[in-house]
Amino acid sequence: MRRKAEEAEEDHDALGVLTEVLVAVVMEMWDMATDRRCAAAESHTQTEQMLGILEEIQGCLDLEFAPEEPEVGSEEEFDVEEVAEVAEEREVLKGWSKEEAEVDESV
-15 MRRKAEEAEE
-5 DHDALGVLTE
5 VLVAVVMEMW
15 DMATDRRCAA
25 AESHTQTEQM
35 LGILEEIQGC
45 LDLEFAPEEP
55 EVGSEEEFDV
65 EEVAEVAEER
75 EVLKGWSKEE
85 AEVDESV
């Protein structure tokens, strides 16, 4: 008789622990669902705002605008000396950047 009472008490304690765990799991799932609903509502609000901005931009556009087609052979002609000069200046600037980095590292 005493043995059955002890087993019943152990079962009762185990059920109590399981109930507490189950409540914790359900509450966590409830919180996660609430977070998802809030995130979905925020996302919907942001989407609505973006659509409003796009509609404003569309209202500012000239609907009759058509970009000009470039004429064949109208590419800009570059002077070879100018290109070489610009490349040289770029290399000098790169050198300065390296020197500045070396000075920074030594400080």
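The letter at position 63 of the sequence shown is residue 47 when you use the working numbering, and the numbering goes up by one with no holes.
We treat Cβ as the ideally placed atom computed from N, Cα and C, and that holds for glycine.
Quick one: grab the DSSP three-state call for residue i.
i	result
V9	helix
E52	coil
D15	helix
M(-15)	coil
L2	helix
E72	helix
E61	coil
E38	Residue identity check: residue 38 is Leu in the sequence provided, not Glu. Looking at L38 - three-state DSSP - the assignment turns out to be helix.
L47	coil
Would you please verify whether the beta carbon of residue i is less than 9 Å from any beta carbon of chain D?
i	result
H(-4)	Given the protein chain composition of this structure (a single chain), no chain D is represented.
In whole angstroms, what separates the C-alpha of residue i from that of residue j?
i	j	result
E(-10)	L(-1)	14 Å
D46	E40	12 Å
L93	H(-4)	No statement about residue 93 is possible, as the shown extent of the chain runs from -15 to 91 and does not include it.
T29	L38	14 Å
E55	A71	28 Å
E66	P51	30 Å
Leaving out five residues on either side along the sequence, give the residues of the same chain with a beta carbon under 7 Å from the beta carbon of residue i.
i	result
T18	none
Identify, in the order they occur along the chain, each residue of the same chain with its Cβ nearer than 6 Å to the Cβ of residue i, setting aside the five sequence neighbours on each side.
i	result
D15	none
Leaving out the 5 sequence neighbours to the left and right, which residues in its chain are closer than 8 Å to residue i when beta-carbon positions are compared?
i	result
G43	none
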